Amino acid sequence: MTDRAGEERPPSRIDAVAETVALVGGALLIAVATMVVVSVTLRSDLVGAAGVPGDFELVQMATAVAAFCFLPLCQLKRGNIFVDTFTLKLPQRWRDGIDALWDVVYGLAMALIAWRLGVGARSALASGENTMVLQLPAYLPIALCAVLAGFVALAAFVSASRLMRQPR
175 MTDRAGEERP PSRIDAVAET VALVGGALLI AVATMVVVSV TLRSDLVGAA GVPGDFELVQ
235 MATAVAAFCF LPLCQLKRGN IFVDTFTLKL PQRWRDGIDA LWDVVYGLAM ALIAWRLGVG
295 ARSALASGEN TMVLQLPAYL PIALCAVLAG FVALAAFVSA SRLMRQPR
């Protein structure tokens, strides 16, 4: 990883964890894509069998989890879309301060999302809610997304901190 001065800095533990989590998300999406291909192939006129039972449930759950897997790395790599039309002429220190402020706002929003997902997971666990076809516990993917949203919040606070500590 490099800082704004172009100097190489070693990746931190949070960077390594974010990369691992993103790889897990990628593997999850590859598995889901493979399952969809198998399910559609089984339903084709060529094979004429039933598709993978509960494939739509697995796609829904895995896609949600995978999306949250990619967000921490995206945040740490400063990969989110931002518009700097009005700040281009400001000094770099000011732009970093504004970006850090928005990182904190994003972190707070993700912390709120993590909290509410946690409440939703707890509610699904308490009610014994299961998926329709496979009867999988509904709280598991919700709880995973809650944990991952918390990690996104942490990543946003770390990226804000990094911006404020940039060498000038």
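For the sequence shown, my numbering begins at 175 and goes up steadily by one. Even for Gly, the Cβ is constructed at its ideal location relative to N, Cα and C. Values in this document were obtained by computation on a predicted structure and should not be read as measured data.
- The C-alpha of G253 lies about 30 Å from the C-alpha of V211.
- The secondary-structure analysis by DSSP pairs P315 with nothing; it has no beta-bridge partner.
- Three or more beta-carbon pairs separated by less than 8 Å are not found between the segment 200–216 and the segment 269–286, which leaves the two stretches without contact.
- Non-local C-beta neighbours of G225 in its own chain, meaning closer than 6 Å and more than five positions away in sequence, comprise S213, L216 and R217, ordered along the chain.
- Counting only unbroken stretches of 4 or more residues, the alpha helix (DSSP H) elements lying wholly within the segment 221–292 are 229–250, in sequence order.
- The beta-carbon distance between A329 and Q249, rounded to whole angstroms, is 4 Å. This is short enough to meet the 8 Å contact definition.
- Residues of the same chain with a CB within less than 8 Å of the CB of V221, apart from the 5 flanking positions on each side, are T215 in chain order.
- Residues D270, G271 and A274 of the same chain have their beta carbon placed closer than 8 Å to that of M338, with the five preceding and five following residues left out of the count.
- Rounded to whole angstroms, the separation of the alpha carbons of L232 and F325 is 23 Å.
- T305: not part of any alpha helix (DSSP H); DSSP gives it neither H nor E.
- Remark: C-beta atoms of A312 and T305 approach each other more closely than 9 Å.
- Counting the other Cβ atoms within 10 Å of the Cβ of P315 gives 16 or more, which makes it buried.
- DSSP, read as helix, strand or coil, puts S301 in helix.
- By the CB criterion at 9 Å, D258 and F331 fall outside the cutoff.
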